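The structure under discussion appears below in the form of C-alpha cells.
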C-alpha cells in the first residue's frame, strides 16, 4: 500500500523540475565543475539509479541550501524519498517533509507522502490527519478515490512502533490537594497533614507507548499495546507511576475500524502499590467524508484499591469524539464522555460526565494545540465524616506546542501549560493547579 502514495506524489507535485534529456556532465576546462540546479537534480537521480545513494544524498543536501523556495523544497522531497527508501531513515525523511509543509502548507503530494511515512512508523492517527488535511486542500476526483482506498489500509502499514516523551514539569500542586490547613467535619475541624495539602514541586515526567500488530487476515489483526507514565519528584512520597498492557483483535471494515481489548492497569503512588485494575474495552472508528473521523469507545474495569478497600469496585465509561480538518493547517474536534464508578461505600461511588473541545493550528514551523475541558461529578451519598455529599465542577485548559525549528536527530522539543480548577462541595477535593512541561518527544 505505500506504493500508492508514491504513485500519487508525482501526479500532484506542487514543486517539480522540468523534463530534460539524460544528464551528461560537461567536460571541465578548469578544476571546478559548476552545475545548474536542474543538472544537479539529474546528477542525483543518475547516481541513485546506479546505486550510489551516498552521492545522491550529498547532491540533494547541497540543493537544500538553494535560496529558491521551489528548488529547496524539491530537493527536500526527493531526499526524503531517498532516505525513506534505500537508507530506511523514515524519521529523518518525515522531518524533511515537515520542513516543506512549513513553507508550502498546501503541497498536497507532500502531505500524502508524509501520511505514508507516518503510517509506516505506526503513527496511524498522525497519518489520518495528514490525509484529511490533503483532502481539505482539494484533490482530483481519481486521486481522491485512491486516497480513500489508502485510508482503509492505514492500520496494516507497520507491525511495531512506539513513542516516548521526557519532560521537566514544574507544578504548583503535584498532589491535586486543597490549600486549606483545616477541614470541617461532622465532629469538628480537623488539621490536615502536610502531605494532604497542596504541595508544589519540580518533577520529571516520562510517558511512553508501544504496540505490536500481527496480521491474521487482510481484515483482521491481533493488536498488543503497552502504555506507561511516571511523574517523579524529589520527595518520593508524591511519585506516581502507571503501566497498562492491552491485547485484542482489530477488524478493518471499509470506512470502519473496530477493536476489542482486555488487559490490566497497575498504579503505584509514593512508591507503594495503589490500585490494580482488570480492563476491557471496545473501540469503533468511522470516517465521515473526506475530512472527518468519528470515534466511539466503551470500557469496563474492576478496580482493587489497596489503600482503601471502601473504594474498590467496578467502573464503566464511554466516549464519543469527532475530529475534522478545516484546512491544510487548521483542524479541531470535540469529545463527550461519561463515567460510572461503583464502590463498596456509596460515599465514594460517583457518576460523572463532561466534554472537551480542541483546536490545532500550524504556525510557521510549530504546531500549537489548545484544549478546553469541563466535567461534572456527583457522589451517590455523603461520606460519613463529611458535612456534604461530594459534587464537583472541574474546568481545564491545556496549551501545547511542538517546535520543529529546533531538532536534535528525531527529537522534537515540546512545551505544555495546564490550568486546572476543581470546585467541590467537599473541601478535601477543592483545588487549583498550574503545571508546565518542557521536554522532548520522539517516535520509533
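In mature numbering (1 follows the signal peptide of the UniProt record, and there is no 0), the protein residues as written are -21 to -1, 1 to 423.
Heads up, the beta-carbon is just placed ideally off N, CA and C, and yes, glycines get one too.
Computed from a predicted model, the values in this text were never measured in an experiment.
Residues bridged to residue 411 [DSSP beta-bridge criterion]: 400
Host alpha helix (DSSP H) of residue 162 (start-end): Unbroken run through residue 162 is the beta strand (DSSP E), 161 to 164; no alpha helix (DSSP H).
Chain-order list of residues whose beta-carbon lies under 6 Å from that of residue 425 (same chain, five-residue window excluded): Examination of residue 425 is not possible in this model, given that the chain is present from -21 through 423 alone.
Rounded Cβ spacing between residue 250 and residue 210 (contact assumed at less than 8 Å): The pair is not a contact, with the Cβ atoms about 13 Å apart (cut-off 8 Å).
Top-ranked residue by Cα proximity to residue 148, from 419, 110 and 415: 415
Which listed residue (368, 208 and 391) has its alpha carbon closest to that of residue 165: 368
DSSP state of residue 417 mapped onto helix, strand, coil: Strand, per DSSP.
3-residue-minimum beta strand (DSSP E) runs that sit fully inside the stretch 194 to 252, ordered along the chain: 199 to 212, 219 to 232 and 235 to 248
Touching by the beta-carbon criterion (3+ pairs, under 8 Å), the stretch 237 to 255 and the stretch 215 to 224: yes
Beta-carbon gap between residue 352 and residue 334 smaller than 9 Å: yes
Buried versus exposed, by CB contacts within 10 Å (16 or more), residue 169: exposed
Touch test, the stretch 187 to 200 against the stretch 213 to 222, Cβ-Cβ under 8 Å, three pairs minimum: no
Backbone secondary structure at residue 336 - three-state DSSP: strand
Residue of 319, 326 and 349 minimising C-alpha distance to residue 355: 319
Of the listed residues 160, 219, 14 and 308, nearest to residue 87 (C-alpha basis): 308
Short Cβ contact (9 Å threshold) for residue 313 with residue 345: Their beta carbons are not under 9 Å apart, which means residue 313 does not touch residue 345 by this criterion.
Residue(s) in a DSSP beta bridge with residue 379: 348 and 395
Residue 153 in three-state terms, based on DSSP: coil
Completely contained alpha helix (DSSP H) runs for the stretch 31 to 107, where each covers 4 or more residues: 32 to 43, 48 to 63, 69 to 82 and 87 to 99
Closest by C-alpha distance to residue 343, when choosing among 43, 83 and 247: 83
Helix, strand or coil at residue 21 according to DSSP, with G and I counted as helix: helix
Stretch-stretch touch, CB-based, cutoff 8 Å, three pairs: the stretch 102 to 116 with the stretch 146 to 162: no
Three-state secondary structure (DSSP) of residue 313: It is a strand residue.
Status (buried if at least 16 other CB within 10 Å, exposed otherwise) for residue 7: Note that residue 7 has pLDDT 47, beneath the 50 cutoff, so the model's placement of it is unreliable and the number below is only indicative. Looking at its Cβ environment, which holds fewer than 16 other Cβ atoms inside 10 Å, residue 7 is exposed.
At least 3 beta-carbon pairs within less than 8 Å: the stretch 286 to 302 vs the stretch 267 to 278: yes
Extent of the continuous beta strand (DSSP E) run through residue 169: 167 to 170
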